[in-house]
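Please read the structure below before turning to the comments.
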Amino acid sequence: LCRFPIPTCGASVWAITPEERAKHDKQFETLSPVLGYISGEQARKFFLQSGLPASVLAEIWNLADMDSDGKMDKVEFSIAMKLIKLKLQGRNLPSALPVVMKQTTRLHMSAPFHFAHMHSRSPVIALNCT
């Protein structure tokens, strides 16, 4: 049975909670972003503190750097941090970024949550919790 705001079915493991997002945002700010971005080198140094091998962090980077511009904004950083956390917990990395990760981070960018700010092209996810 799914209950809001946190679904209890399989997709929820990939969702970034508001609490995680707030923590990630604070961590992002400690890296002194320039014009809302941190460099690949800044991210690399920070992510290496996780203890994960550089090869795994490269996979995480490729998933999280959604626009492949070689730098990270808060959303991409939050996605990377969530993937690092899940990998440290023993979960395999997905082959492609789960849609729910893209949505939850975009939706949490502006609190309080307003449906009016969603674009008409935003995909809708139906959670099958049976």
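Numbering (the UniProt record's numbering), first residue to last: 1 to 130.
Yeah, the Cβ is synthetic: ideal placement off N, Cα and C, and Gly gets one too.
Of the residues the options, the one placed nearest residue i, counting alpha carbons only
{"i": "residue 72", "options": "94, 54, 47 and 52", "result": "47"}
{"i": "residue 83", "options": "26, 102, 29 and 68", "result": "102"}
{"i": "residue 15", "options": "61, 86 and 68", "result": "86"}
{"i": "residue 92", "options": "52, 68 and 66", "result": "52"}
{"i": "residue 131", "options": "94, 12, 50 and 69", "result": "With the chain covering only 1 through 130, there is no way to say anything about residue 131."}
Local conformation of residue i per DSSP, three classes
{"i": "residue 66", "result": "coil"}
{"i": "residue 39", "result": "strand"}
{"i": "residue 44", "result": "helix"}
{"i": "residue 21", "result": "helix"}
{"i": "residue 80", "result": "helix"}
{"i": "residue 27", "result": "helix"}
{"i": "residue 16", "result": "coil"}
Beta-bridge pairing of residue i - partner residues as DSSP gives them
{"i": "residue 72", "result": "38"}
Cβ neighbours of residue i in the same chain (closer than 7 Å, five flanking residues each side left out)
{"i": "residue 31", "result": "38, 42 and 46"}
{"i": "residue 24", "result": "77, 78 and 81"}
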